[in-house]
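Peer 1:
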Amino acid sequence: MLYSESLFATLSFLGMWAWEEGGTVAWAALPCWAAASATRSNGVLLCGFPLFRSIQLTQGAWSRGIVIAPKRMVRVWVQGLFQSAVVALPLVVFQLYGYLQFCAGEWASHPRPWCQAPVPYIYGFVQKHYWDVGFLRYFELKQAPNFLLATPMIILSCFGIGSYACNDCKRFFSLGFWEMKTSDDSIALSSDSQKPSQKIVYQGLRQRSTTYKNENEAMSNESKTMYRSDTGYFSKDALVFHYMWLFMLVVGFCFMHVQVITRFLSACPPVYWYSARVCSKIGRFAYLVWFYFIAYYLIGTFLFVNFYPWT
1 MLYSESLFAT
11 LSFLGMWAWE
21 EGGTVAWAAL
31 PCWAAASATR
41 SNGVLLCGFP
51 LFRSIQLTQG
61 AWSRGIVIAP
71 KRMVRVWVQG
81 LFQSAVVALP
91 LVVFQLYGYL
101 QFCAGEWASH
111 PRPWCQAPVP
121 YIYGFVQKHY
131 WDVGFLRYFE
141 LKQAPNFLLA
151 TPMIILSCFG
161 IGSYACNDCK
171 RFFSLGFWEM
181 KTSDDSIALS
191 SDSQKPSQKI
201 VYQGLRQRST
211 TYKNENEAMS
221 NESKTMYRSD
231 TGYFSKDALV
241 FHYMWLFMLV
251 VGFCFMHVQV
261 ITRFLSACPP
271 VYWYSARVCS
281 KIGRFAYLVW
291 FYFIAYYLIG
301 TFLFVNFYPW
311 T
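1 is the number of the first residue of the sequence shown in the working numbering; add one for each residue after it.
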C-alpha cells in the first residue's frame, strides 16, 4: 500500500518555504498547498497561514499605534480569505464530486445518510461510520497498545509546544498581540560580565536561575525582570507553526486512531525543529529522542514491509 504522507509533507514544506520568503514568492505557496489539500484532507489546515498573516498585519499596526485605513484593512482580510479559499478548493471540489456521485442522479431516490446533513461531508461520514472515528471513541482498554505506540510522539509534542509557550506565555495565548520583554540575547543573562550572581540552568520546559554569589544582588529589580528568547526555535515567526502543531496534537489524540499520530505529525515542521534542538544538547532527554527515532525507523521498517501492524 502506498501512503501519501511523504508527498503531502513535501508539498506542505515547499509551500511553507515560499510563504516565509514573502513578497511575490509567497504566492507560489498557494498551488503547493492546494496540491497538498488535494493529496490529504488535513491539508485544509494550511488555510491557517494566510488567515494568521492577516491577523499579524492587523496586530503589527495595532501594536505600533498605526491607524489603518478601512480600505486597507478590508484588502488585507479579503486577500487572506481568498488565499485560504484557494488552499481549501481541492477538498471542496472533491466533496462536491462525492455529493454528485452518491446523492444526485440515479442515487437520488436512495441517498446515503450523509447526503441529508446540513453540510454533506463524505469523508467525515466514512471515518465515523466505517472507522469509528470520533471524540474519545478510541479510548478503550483494548487500544492500550496503540496509545503506548503513540506515547513518545505525544510526549515530545507536549514538551515542544510547552517549551515554546512558556518562553513567552503572553505571546502564545494572545495570538501574538502581547509579548514579554526581550533582550538581544537572553543567553547573555548567564554571563559573569553582565550578571555574576546568575546562572541560567535549562531544565525541561523552563529556565531556573540559581544564585551563586550575592543573594542581595540577585533580588534586585534587574534580576527580577523576565526576559524571553526571540530567535531560532522561539522566534515569533514560529508561532503559527506551533498553533498548527497544537491543533494537530489535540485532534490526533482526541478524535483519531491515536497510533497514526506519528505520521500525522510528519508534516509539522516544529516536530523536527524541537527534536533537533533537543538532540543538539547532551543529556538524558536527548538520548531518549535519538533512541526513539532510530528504533522507530528500524522496527517500523521491518514490521511494515512484512505486513505486521505498524503505522
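All C-beta atoms in this analysis are idealised placements derived from N, C-alpha and C, irrespective of residue type, glycine included.
Count the other C-beta atoms from every protein chain shown that fall within 10 angstroms of the C-beta of G283, then say buried if there are 16 or more, exposed otherwise.
Peer 2: As a working note, residue 283 is residue 283 in the sequence shown. When all chains shown are included, G283 counts as exposed.
Peer 1: What alpha helix (DSSP H) runs, 4 residues minimum, are completely inside the segment 7 to 49?
Peer 2: Complete alpha helix (DSSP H) runs here, min 4: 29 to 39.
Peer 1: Hey, which unbroken runs of the alpha helix (DSSP H) at 4 residues or more fall wholly within the segment 253 to 281?
Peer 2: Within the segment 253 to 281, the complete alpha helix (DSSP H) runs of at least 4 residues are 261 to 264 and 269 to 279.
Peer 1: Of the choices Y123, F255 and P120, whose alpha-carbon is the least far from that of F147?
Peer 2: The residue given as residue 147 occupies position 147 in the sequence shown. Among Y123, F255 and P120, the Cα nearest to that of F147 is on F255.
Peer 1: Please classify I68: does DSSP put it in a helix, a strand, or coil?
Peer 2: Locating residue 68 in the sequence shown gives position 68, where the first residue counts as 1. Coil.
Peer 1: Let me make sure I understand the geometry here. Which of V133, P152, D230 and K281 has the alpha-carbon closest to that of E179?
Peer 2: The residue given as residue 179 occupies position 179 in the sequence shown. The residue with the shortest Cα to Cα distance from E179 is D230.
Peer 1: Would you say F49 lies against chain B (beta-carbon separation less than 9 Å)?
Peer 2: Structure shown: chain B not included; a single protein chain is present.
Peer 1: Grouping DSSP H, G and I as helix and E and B as strand, with all else coil, what is L136?
Peer 2: Locating residue 136 in the sequence shown gives position 136, counting from the first residue. The answer is coil: DSSP assigns L136 none of H, G, I, E or B.
Peer 1: Alpha carbon to alpha carbon, how far is S37 from P50?
Peer 2: Taking the sequence shown and counting its residues from 1, the one referred to as residue 37 is at position 37. Taking the sequence shown and counting its residues from 1, the one referred to as residue 50 is at position 50. Whole-angstrom Cα-Cα distance: 15 Å.
Peer 1: In this structure, how does DSSP classify C166 when only helix, strand and coil are distinguished?
Peer 2: Taking the first residue of the sequence shown as 1, we reach residue 166 at position 166. Helix.
Peer 1: Is S275 near the ligand MN - that is, is its Cβ less than 8 Å away from at least one heavy atom of it?
Peer 2: With respect to the ligand MN, the structure shown offers nothing to examine, as it has no ligands at all.
Peer 1: Please confirm whether I55 and G176 have their CB atoms less than 9 Å apart.
Peer 2: Against the sequence shown, residue 55 aligns to sequence position 55. Against the sequence shown, residue 176 aligns to sequence position 176. Closer than 9 Å, so yes.
Peer 1: Please classify F307 as buried or exposed, where buried requires at least 16 neighbouring CB atoms within 10 angstroms.
Peer 2: What you label residue 307 is simply residue 307 of the sequence shown in a count that begins at 1. Under this definition F307 is an exposed residue.
Peer 1: By alpha-carbon positions, which one of A29, M248 and T262 ends up nearest to V86?
Peer 2: Looking up residue 86 in the sequence shown gives position 86. Comparing Cα-Cα distances from V86 to each of A29, M248 and T262, the minimum goes to A29.
Peer 1: Under 9 Å between the Cβ atoms of G43 and W33?
Peer 2: Within the sequence shown, residue 43 is the residue found at index 43, counting from 1. Within the sequence shown, residue 33 is the residue found at index 33, counting from 1. Taking 9 Å as the Cβ cut-off, G43 and W33 qualify as a contacting pair.
Peer 1: Tell me the rounded alpha-carbon separation between Q79 and L89.
Peer 2: For this step, residue 79 is matched to residue 79 along the sequence shown. For this step, residue 89 is matched to residue 89 along the sequence shown. Going by the C-alpha atoms only, they are around 15 Å apart.
Peer 1: Whose C-alpha, out of F264, W273 and K281, is nearest the C-alpha of Y3?
Peer 2: One-based indexing of the sequence shown puts residue 3 at position 3. Comparing Cα-Cα distances from Y3 to each of F264, W273 and K281, the minimum goes to F264.
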